[in-house]
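Colleague: First the structure, which I've put down as structure tokens, then a few questions once you've had a look.
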Amino acid sequence: MALSTQNLPQQIREFKRELKAQCPDYKRRFDDISKAMETEVERIKREESEGSAIPQFAFSDIAENGFNDEQRKRVHQAGCCIIRNTLPADEVTAHNDALSRYIIENGYYEHVPTVEDNYFSQLKSDKPQIFGIYWSAAQIWARQHPNMAVARRHLNHLWTWQDKGKTFFNPDLEASYADRVRRREPGDATLGLSPHVDSGSVERWIEPHYREVYHDIFLGDWHQYNAFYGANRIEVEEFPSPAVCSVFRTFQGWVALTQQGKGDGTLRMVPSTLAIPYMLLRAIQDDVPEDDLCGAAPGRALTVFQQWHPLLFEGLVSIPVVRPGDTVWWHPDTIHAVEDKHNGDGYSNVLFIGAAPDCEKNRHFLDKQRPAFLRGESCPDFAPEHHERTYQGRASEDDLTELGRRQMGFD
1 MALSTQNLPQ QIREFKRELK AQCPDYKRRF DDISKAMETE VERIKREESE
51 GSAIPQFAFS DIAENGFNDE QRKRVHQAGC CIIRNTLPAD EVTAHNDALS
101 RYIIENGYYE HVPTVEDNYF SQLKSDKPQI FGIYWSAAQI WARQHPNMAV
151 ARRHLNHLWT WQDKGKTFFN PDLEASYADR VRRREPGDAT LGLSPHVDSG
201 SVERWIEPHY REVYHDIFLG DWHQYNAFYG ANRIEVEEFP SPAVCSVFRT
251 FQGWVALTQQ GKGDGTLRMV PSTLAIPYML LRAIQDDVPE DDLCGAAPGR
301 ALTVFQQWHP LLFEGLVSIP VVRPGDTVWW HPDTIHAVED KHNGDGYSNV
351 LFIGAAPDCE KNRHFLDKQR PAFLRGESCP DFAPEHHERT YQGRASEDDL
401 TELGRRQMGF D
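Counting in full-length UniProt numbering, the sequence shown runs from 1 upward without gaps.
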């Protein structure tokens, strides 16, 4: 049955009443997980003092050996990682320069938006920092690069992708999801995003498949909860909204086009997979209004609020310095944010590229995305701005490699 916002406050009240009846120890559960999260925050602070709480790996090591048991454990705990030198730095820099020319020479800045993407509605229309560009040569090159395929294959294998005779997704093939470009200029103060989680807000409590994903948190042994278990994740249904991703991703991610780090207006994260269990249980405590889930709203990101989640802000850290060709990855349940202001000297540029393994849900999306690619239209998940229809230098089907064709669903 399709999700509906009709009588949503009543749906939330009924969910809480039902859950509290099934889970009479909800207060103790939250107390326990709060103590565990406090320990996690201490770990994050300690690791930050020693360098970074975000696990970092060399692409050459991962490509040759995959993630060993210790590395797997670290990513499972942090819910994120950085893979250094995923793409060749000199080629990335050349593509960054070419992308700049592609945007400027095709008149992107002169285009008057006719539709609105509410997710980034705070941006100044005359100086965008997130660009509705999907089919530049740089993006196609990066998405279909063999190194990206290798990195994402190993990332996908961090998940339990089959169990009890059922295969949830194919970790060895990617569905190429067309996402956007970030080009943040020095001094920009328009793009800051408060800490949040994508891939659903209210749904995480009331959507049936999410209820199964989080069963151990609410009704089982929360110590046994596995954020990387693939069952039910693919079937999750979200409230439709502009800029809400409709593919299943094992990791959100981006590739750095320029050097950037703390203070450069870039990414921040809470590197702990306990953060979502903490948020889920926080919302059902008695001090939260019966028809509210700590401010969660349909069709929007799930926001972390100082009023309800002060502990999580203590674990929010900026990424360490990354350089052209480094990739950053985070689990779809990982809390992340964007620094309020870019205080650095150079552009802070990235291509958003996640890991979306082959599965029925993602193949269905590719069927909608291919015509958009061929016509130079916006990715179907985003506002239909269609900047690139007439752009010179836009990538075409001829630019796809054999791997790229498979990832796009042409072959």
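By construction, the Cβ of each residue, glycine as well, lies at the ideal position given by its N, Cα and C atoms.
With a threshold of 8 angstroms, are at least 3 pairs of Cβ atoms found where one atom belongs to the region 271-287 and the other to the region 24-42?
Modeller: These segments touch.
Colleague: If you drop the 5 nearest sequence neighbours on each side, which residues of the same chain put their C-beta closer than 8 angstroms to that of residue 305?
Modeller: So the list reads 294, 295, once near-sequence residues are dropped.
Colleague: Start and end of the beta strand (DSSP E) containing residue 252?
Modeller: If you look at residue 252, you'll find it in the beta strand (DSSP E) that goes 252-256.
Colleague: Please report how far the alpha carbon of residue 121 lies from the alpha carbon of residue 189, in whole angstroms.
Modeller: Any reading at residue 121 needs caution, since the residue's pLDDT is 39, under 50, leaving its predicted position unreliable; the model's value is listed next. Spanning the two alpha carbons is a distance of roughly 14 angstroms.
Colleague: Ends of the alpha helix (DSSP H) at residue 186?
Modeller: Here residue 186 belongs to no alpha helix (DSSP H), and DSSP marks it neither H nor E.
Colleague: Going along the chain, which residues of its own chain have a beta-carbon closer than 7 angstroms to the beta-carbon of residue 13, five neighbours each way excluded?
Modeller: 290, 291
Colleague: To the nearest whole angstrom, what separates the beta carbons of residue 159 and residue 228, a pair I think is in contact under 8 angstroms?
Modeller: 5 angstroms
Colleague: So, with DSSP's three-state summary, where would you put residue 159?
Modeller: coil
Colleague: Tell me which residues share the same chain as residue 141 and place their Cβ nearer than 7 angstroms to its Cβ, disregarding the 5 neighbours each side in the sequence.
Modeller: Taken in chain order, the residues that qualify are 95.
Colleague: Quick check: the region 97-104 against the region 352-363, are at least 3 beta-carbon pairs closer than 8 angstroms?
Modeller: Contact fails: fewer than three Cβ-Cβ distances are below 8 angstroms.
Colleague: Which value, in whole angstroms, describes the spacing of the CA atoms of residue 378 and residue 176?
Modeller: 14 angstroms
Colleague: Can you confirm whether the region 224-240 touches the region 195-211 when touching is taken to mean that 3 or more C-beta pairs between the two stretches lie within less than 8 angstroms?
Modeller: As far as the Cβ criterion goes, the region 195-211 touches the region 224-240, which means the pair count is three or higher.
Colleague: Going by other Cβ atoms of all chains shown within 10 Å of its Cβ, with 16 needed for buried, is residue 17 buried or exposed?
Modeller: exposed
Colleague: Just to confirm the assignment, what range does the alpha helix (DSSP H) spanning residue 14 have?
Modeller: Its alpha helix (DSSP H) spans residues 8-22.
Colleague: Would you please state the rounded distance, in angstroms, between the beta carbons of residue 317 and residue 42? I believe it to be under 8 angstroms.
Modeller: About 13 angstroms separates the two Cβ atoms, so there is no contact after all.
Colleague: Compare the beta carbon distance of residue 404 and residue 144 with 8 angstroms and say whether it is the shorter of the two.
Modeller: yes
Colleague: Report the option in 314, 286, 395, 8 whose CA atom is closest to the CA atom of residue 25.
Modeller: 286
Colleague: Residue 363: buried (16+ other C-beta within 10 angstroms of its C-beta) or exposed?
Modeller: exposed
Colleague: Can you tell me whether residue 83 is helix, strand or coil according to DSSP?
Modeller: strand
Colleague: So, at 8 angstroms on beta carbons, what are the nonlocal neighbours of residue 311 in its own chain, with the 5 sequence-adjacent residues on each side left out?
Modeller: 34, 37, 38, 41, 278
Colleague: So, helix, strand or coil for residue 284, using DSSP?
Modeller: coil
Colleague: Of all the options 272, 350, 212, which has the alpha carbon lying nearest to the alpha carbon of residue 315?
Modeller: Looking at the Cα atoms, 272 is the closest of the given residues.
Colleague: Secondary structure at residue 351, three-state DSSP: helix, strand or coil?
Modeller: strand
Colleague: Which residue from 390, 406, 408 puts its Cα closest to that of residue 107?
Modeller: 390
Colleague: With a threshold of 8 angstroms between beta-carbons, can residue 197 be considered close to chain B, or not?
Modeller: No chain B appears in this structure, which consists of one protein chain only.
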